[in-house]
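Residue numbers (my numbering): 2 to 286. Each residue gets a CB set at the ideal place from its N, CA and C atoms; glycine is no exception.
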Ligand SMILES: [Zn+2]
């Protein structure tokens, strides 16, 4: 998460905890505003209130941790991991229709994971570095195509940096609720995917979803896609690779990092061929 930018990874773990505390304060402000709106609408606020209380408890634990005389990275990572598990337990216990509470808990988990990665980055600096060349195997694209149909489904891809390349190595289905013309990620599935990536020392490298329609034209991002892409790069990685797939096997790579030349996808293996558009591939029949 950009709240823990690289320049901060060289700073003291205690400073990272201070940043985490401030981020949780902002989260508290956002949730209390949402709570006020619920009260205005006379909707049930119990779940969001409980989520806010839990985030405040996490905030207090962070403050206590920051005050410990020996605030070592290993101790912080262990505590952040325990807090993440606790918040995930609450998220899993929330009914699907408690949208505000689920989102609040999921954002809290994202912050805890981002802080944990930033604390750990000093001992494994290669983790957050996405190299310019991003290797994607045709096997994974075929698997993604199989998984995201029928439209619209959503996946996130985990990557790992090896030498001077980043390699996409696994996919997680995070499909959430369908809205009128697009799909959202499910907060719990996404949180579980991020926790799994953290455990395997990989990172969120790609965001994939499927579109109805046929041909390369159907792979163009919608206005909602562009907005979601901005949210993903704000919350996870500015070098994110975005991917749109269609039922007839067209696959578009897109996103700000690709357009600015910061990343360069490269497909390896058989079964997927490049089309006239250098950013669009097609599964061979
Ligand atoms: Zn879309």
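Only counting the same chain, and skipping five residues up and downstream in sequence, which positions put a Cβ closer than 7 angstroms to that of residue 233? So the list reads 208, 241, once near-sequence residues are dropped.
Around the Cβ of residue 178, are there at least 16 other Cβ atoms within 10 angstroms (buried) or fewer (exposed)? exposed
Could you have a look at residue 238 and say whether DSSP puts it in helix, strand or coil? Collapsing the DSSP output to three states places residue 238 in coil.
Is residue 66 near residue 116, with beta carbons less than 7 angstroms apart? no
Three-state secondary structure (DSSP) of residue 68: coil
Simplified DSSP state of residue 42, which is helix, strand or coil: Here DSSP, grouped into helix, strand and coil, assigns residue 42 to coil.
On the three-pair Cβ rule with 8 angstroms, is the region 141-155 touching the region 182-189? Short answer: they touch.
Could you say which of 63, 274, 277, 239 lies nearest to residue 261 if we only look at CA atoms? 239
Restricting to Cα atoms, I'd like to know which of 250, 231, 259, 145 is closest to residue 276. 250
Taking residue 225 as the reference, give the member of 215, 145, 245 with the closest Cα. 245
Length-filtered (4 minimum) alpha helix (DSSP H) runs lying within the region 91-151: 100-121, 139-148
Kindly identify the DSSP beta-bridge partner or partners of residue 246. 211, 252
Given a cut-off of 7 angstroms on the beta-carbon distance, is the pair residue 142 and residue 273 in contact? yes
Span of the alpha helix (DSSP H) around residue 153: Element bounds for residue 153: n/a, residue is neither H nor E.
C-beta contact flag for residue 190 and residue 175 at 7 angstroms: yes
Any non-hydrogen atom of ligand 1 within 6 angstroms of residue 226 CB: yes
Same chain, Cβ closer than 7 angstroms to residue 214, five either side skipped, listed in chain order: 247
Cβ-based neighbour list, residue 221, same chain, cut-off 8 angstroms, excluding 5 preceding and 5 following: The residues are 245, 253.
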